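Before any comments, here is the structure.
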Amino acid sequence: MLIGKGVLSRLPSREVRLGGRKYGDRVKEQYKALRPLMAYCMLGVAAGCSDPTVKMSPLPLVDASVIRASVSRCPAFENGAYTQVVTNAPVDPNSADYIRSVIQAGDRSGFLASTGVEQVNLANDATPLRTVKPSVAYHKFPKPYPWSKDFFIEPLGDGHAMVVQTQSCHLFESYGTEFQPPTLSAFSGANWDLKKRFVPLAPGMPSAMASGLSLYAGIVRWEDYQAGSIDHALNWDGIRGTLAQYNFVRPASDTDRIPFQGKSSFVMPYGAHLRLKASFSTQGWGPQATMVANAMKTYGVYLADTGSGKNALYFANAPDGSNPWNSIDLLSLSAITLRDFDVLTLGKVLTVTRH
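Heads up: take any position in the sequence shown, counting from 1, add 5, and you land on my numbering.
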């Protein structure tokens with residue numbers, strides 16, 4: 006979930022709630038270094054934090070496996086929920102009702118690219134292992150996380166952290182992450198073996214996102230763009246109040262528990278898999294936005310989180326920590342709305358209750 010305009014004047018000094026989940030002190034120090042970047046990013050159209058005056062031309066395309074191997078040397082849930090091609094997947098018979106429900110509840114926004122504030126940390130066998138201290142009693146971290154003192158934590162309030170152990174190909178994610186040496190703490194999180202199919206968490210368990218889905222698996226990575234295609238589904242961060250409060254479908258495992266503000270009985274569950282209609286035209290778009298739209302047509306988007314005032318997609322920085330994304334190019338995504346999607350066949354709708 007993302008924080009909207011005005012966050013600089015509303016930084017938490019103690020524990021607060023965001024989207025039904027709590028996080029503590031962590032961001033004021035981070036903002037000191039990032040304030041110039043945040044001033045642009047926190048505009049309502051935060052499609053990117055790169056220089057909006059720079060026009061980016063497509064980079065030379067190279068073999069996808071070479072690019073991706075140079076970053077983590079690991080697959081990313083191959084042959085699973087995030088990598089299945091859905092161009093011919095059947096549409097749910099109530100797709101139009103679900104889409105109409107979200108719109109009537111208040112989602113009339115286009116999509117935006119949230120760039121410049123997420124980064125994948127790379128670890129190896131030499132990286133120290135740290136027991137994660139849960140900030141609430143009802144979330145546990147059974148496996149220690151590889152963590153270096155210079156690892157990146159998302160600074161806008163969610164405190165996302167992603168770590169790929171490049172030798173074991175194990176993924177570690179957390180939400181509400183804080184590192185005050187020597188203590189690593191977080192509100193919630195999950196870990197997966199990237200060499201295997203994506204394994205959903207137990208019902209009622211979130212990950213770094215409310216849905217329990219993988220932030221890493223559905224983020225747009227710079228190496229995707231360099232390789233010439235995004236070969237996985239994307240995570241969709243929806244608008245609060247327009248989605249189910251307690252309902253989810255697999256591969257999700259939890260919800261943000263925010264009350265639904267609409268009146269329809271067809272309430273979009275977390276984990277819903279949507280596909281951009283093949284007829285949607287990207288004619289005249291730049292290479293980055295076009296590639297994202299093509300992925301939405303081929304692999305779709307999962308309802309993964311909530312909190313922003315727009316329909317957001319997560320983008321990761323380049324492996325060197327820079328933000329290479331072109332904001333003008335990605336602004337084209339604002340032309341995509343929920344009306345341009347079909348909801349793919351939903352599985353059994355499950356329900357979680359309050360903690």
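All C-beta atoms in this analysis are idealised placements derived from N, C-alpha and C, irrespective of residue type, glycine included. All of these numbers come straight from a predicted model, not from anything done at the bench.
Nearest Cα to Val91 within the set Gln185, Ala300, Ser269: Ala300. Between Phe192 and Pro147, the C-beta spacing is not below 9 Å.
Of all C-beta pairs linking the stretch 334 to 349 to the stretch 278 to 297, three or more are shorter than 8 Å, placing the two stretches in contact. DSSP places Tyr230 inside the alpha helix (DSSP H), whose first and last residues are 227 to 232. Under the three-state reduction of DSSP output, Ser332 falls in the helix class. A direct Cα-Cα distance of roughly 16 Å separates Leu189 from Leu176. Look at Ala300 here: in three-state DSSP terms it is helix. Tyr307 sits close to Ser216, with the two beta carbons spaced by under 9 Å. The continuous alpha helix (DSSP H) containing Gln109 extends over residues 100 to 109. With the rule of 3 Cβ pairs closer than 8 Å, the stretch 246 to 265 does not count as touching the stretch 223 to 234. For Lys138, the enclosing beta strand (DSSP E) starts and ends at 137 to 139.
By alpha-carbon distance to Glu183, the top candidate from Pro95, Ala232, Asp97, Thr136 is Thr136. Here DSSP, grouped into helix, strand and coil, assigns Pro292 to helix. The three-state secondary structure of Asp242, taken from DSSP, is strand. Within the DSSP bridge table, the entry for Thr188 names Gln185 as partners. Distance from Phe116 to Leu318 at the Cβ level is roughly 6 Å; contact confirmed, criterion being Cβ atoms closer than 8 Å. A buried status is given to Leu351, since no fewer than 16 other beta-carbon atoms sit within 10 Å of its beta-carbon.
Considering only Asn240, Gly243, Met210, the residue with the shortest C-alpha distance to Ala142 is Met210.
By the beta-carbon neighbour count (other beta carbons within 10 angstroms, threshold 16), Leu134 is exposed.
As the crow flies, the alpha-carbon of Ala86 is around 7 Å from that of Pro256.
From the listed residues Met296, Phe265, Ala323, the smallest Cα separation to Ser337 is found for Met296. For the set Trp241, Ala321, Gln170, the Cα lying nearest the Cα of Trp152 is the one of Gln170. For Ala277, the closest C-alpha among the options Ile263, Val254, Asp259, Gln293 is that of Val254.
Restricted to the stretch 143 to 170, the beta strand (DSSP E) segments that are unbroken, complete and at least 3 residues in length are 166 to 170, listed in chain order.
Boundaries of the beta strand (DSSP E) around Val306: 306 to 313. When the Cα atoms are used, Lys315 and Pro149 turn out to be separated by approximately 35 Å.
By the beta-carbon neighbour count (other beta carbons within 10 angstroms, threshold 16), Asn126 is buried. For Ser193, the secondary structure class from DSSP, reduced to helix, strand or coil, is strand. Annotated three-state conformation of Arg255 is coil, per DSSP. For Arg262, no beta strand (DSSP E) run applies, since DSSP gives it neither H nor E. One thing to note: Trp330 has its Cβ within 9 Å of the Cβ of Gly121.
Closest in alpha carbon position to Lys154, among Thr132, Ala323, Pro160, is Thr132.
A direct Cα-Cα distance of roughly 6 Å separates Ser212 from Leu218.
When rounded, the separation of the alpha-carbon atoms in Pro205 and Val272 is 21 Å. Secondary structure at Asp347: strand, using DSSP grouped into helix, strand and coil. Take Pro208, set aside five residues on each side of it, and the residues of its chain with a beta-carbon closer than 7 Å to its own are Ser258, Leu355, Val357, in chain order.
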